[in-house]
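Participant:
Numbering (the numbering used here), first residue to last: 106 to 162.
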């Protein structure tokens with residue numbers, strides 16, 4: 106039997122955003138707060154929980 110893995114959450118942010126913050130989104134069950142910058146990219150991925158932050162048009 107194949108385990109059911111949940112695909113990472115995709116979060117849309119304003120196209121003007123330069124930075125995003127991620128805490129895992131599960132309160133005390135989340136992860137430490139981390140900040141990511143887009144650095145000329147339209148997407149960034151959290152190194153802890155694999156959430157994907159993408160800029161919207």
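Note that the Cβ used here is the ideal one computed from N, Cα and C, for glycine as well.
Note that the structure is a prediction, hence the values are computed from the model and not measured.
1. So which of 113, 109 and 145 has the shortest CA-CA distance to residue 130?
2. Under the assumption that residue 159 contacts residue 119 (Cβ atoms under 8 Å), give the Cβ distance between them as a whole number of angstroms.
3. Closest to residue 142 by CA distance: which of 125, 110 and 109 is it?
4. Could you round the C-beta distance between residue 128 and residue 116 to whole angstroms and report it? I think they count as a contact, below 8 Å.
Facilitator: On the basis of the data shown:
1. Along the chain shown, one-based indexing puts residue 130 at 25. Ranking the options by Cα distance to residue 130, first place goes to 113.
2. Along the chain shown, one-based indexing puts residue 159 at 54. Along the chain shown, one-based indexing puts residue 119 at 14. Not a contact, Cβ separation roughly 11 Å.
3. Locating residue 142 in the chain shown gives position 37, counting from the first residue. Closest by alpha carbon: 125.
4. Against the chain shown, residue 128 aligns to sequence position 23. Against the chain shown, residue 116 aligns to sequence position 11. Contact between residue 128 and residue 116 does not hold, since their C-beta atoms are separated by about 12 Å, which reaches or exceeds 8 Å.
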